[in-house]
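Going left to right, the sequence shown walks through residues -17 to 202 as the working numbering numbers them.
As structure tokens, the structure follows; a few thoughts come after it.
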Amino acid sequence: MNSIKENLLKITQSVPQEVTLVAVSKTKPISDLMIAYNAGQRIFGENKIQEMAEKWEAMPKDISWHMIGHVQTNKVKYMASFVSLVHAVDSLKLLKEINKQAKKHNRTINCLLQIKIASEESKFGLNEQEAKTILTSEEVKELTNVHIQGLMGMATFTDNKQQIKNEFAKIAKLFEELKPKHPQLTTLSIGMSGDYEIAIDSGSTMVRIGSSIFGVRNYS
Ligand SMILES: *Cc1c(COP(=O)(O)O)cnc(C)c1O
């Protein structure tokens, strides 16, 4: 039985066509990713740059690679030649480094600003004001090799659906508020295996789903 393929099919059918599915393949072997690839999946999400780079090298070149994890500035260079979307940009400093590395490869790298919506202390991200400051700053306008195309958020890991709903509503509201002034914002990346249905109801345009496709991970 090929459960990855079946899982992927099930998820693909339950996600509306206009919502982009990122198959989160972190920690999983290339053979597992290839099952998803052969079933038609072309967008994969990883949270470690080195692991993503190794998979990129080994796999077909028509895959879009999304960096969904926290990014250290000194590692941007290892993904700058191929990454298609960086989900968790949480500082101007990181944005500048992505711009610098993208320029070296003569390309533009798409980015999302990570907004802190969870109540947990450990989660990275910007608050609303910090996001607005970045979007309107003169410095950012000069970063010609990055394209900020939306927002990303992670809800608290909880069984409390109402809390998840409230947290997604917060980022969806900010997204709608920012869009008229910043029409380049088209992507709202919210929703994982445990909460993607709530996320889609809340206005998600991109879901990041791992364990429901590839099975549980032994480590994160
Ligand atoms: C691991 C991870 C996911 C996917 O989590 P699942 O619960 O396995 O679907 C989504 N987003 C981020 C940022 C992650 O690190």
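For every residue, glycine included, the Cβ atom is placed at its ideal position computed from N, Cα and C.
On a predicted model such as this, the values are computed, not experimentally measured, just so you know.
Rounding to the nearest angstrom, what Cα-Cα distance links I31 and K143 in this structure?
32 Å
Rounded to whole angstroms, what is the Cα-Cα separation between L77 and E103?
23 Å
Based on the DSSP output, what are the partners of M49 in its beta bridges?
E28, V68
Under 8 Å by Cβ, that's how I've got L74 and L133 pegged, so tell me the actual separation to the nearest angstrom.
That belief does not hold up - the Cβ atoms of L74 and L133 are roughly 16 Å apart, past 8 Å.
In terms of residues, what are the limits of the alpha helix (DSSP H) holding V6?
Where V6 is concerned, there is no enclosing alpha helix (DSSP H), although the beta strand (DSSP E) it sits in stretches over 2 to 6.
Spatial distance of Q111 from N29 (CA atoms)
26 Å
DSSP state of M(-17), grouped into three classes?
With a pLDDT of only 49 at M(-17), under 50, the local geometry of the prediction cannot be trusted, and the value read off the model is given with reservation. Correct three-state label for M(-17): coil.
Would you kindly work out how many angstroms separate the C-alpha atoms of N148 and M16, rounded to a whole number?
36 Å
Compute the Euclidean distance between the alpha carbons of E158 and H52, then round it to the nearest angstrom.
25 Å
Quick check: K8 and E33, are their CB atoms within less than 8 Å of each other?
yes
How many Å lie between E124 and Q131 at the Cα?
16 Å
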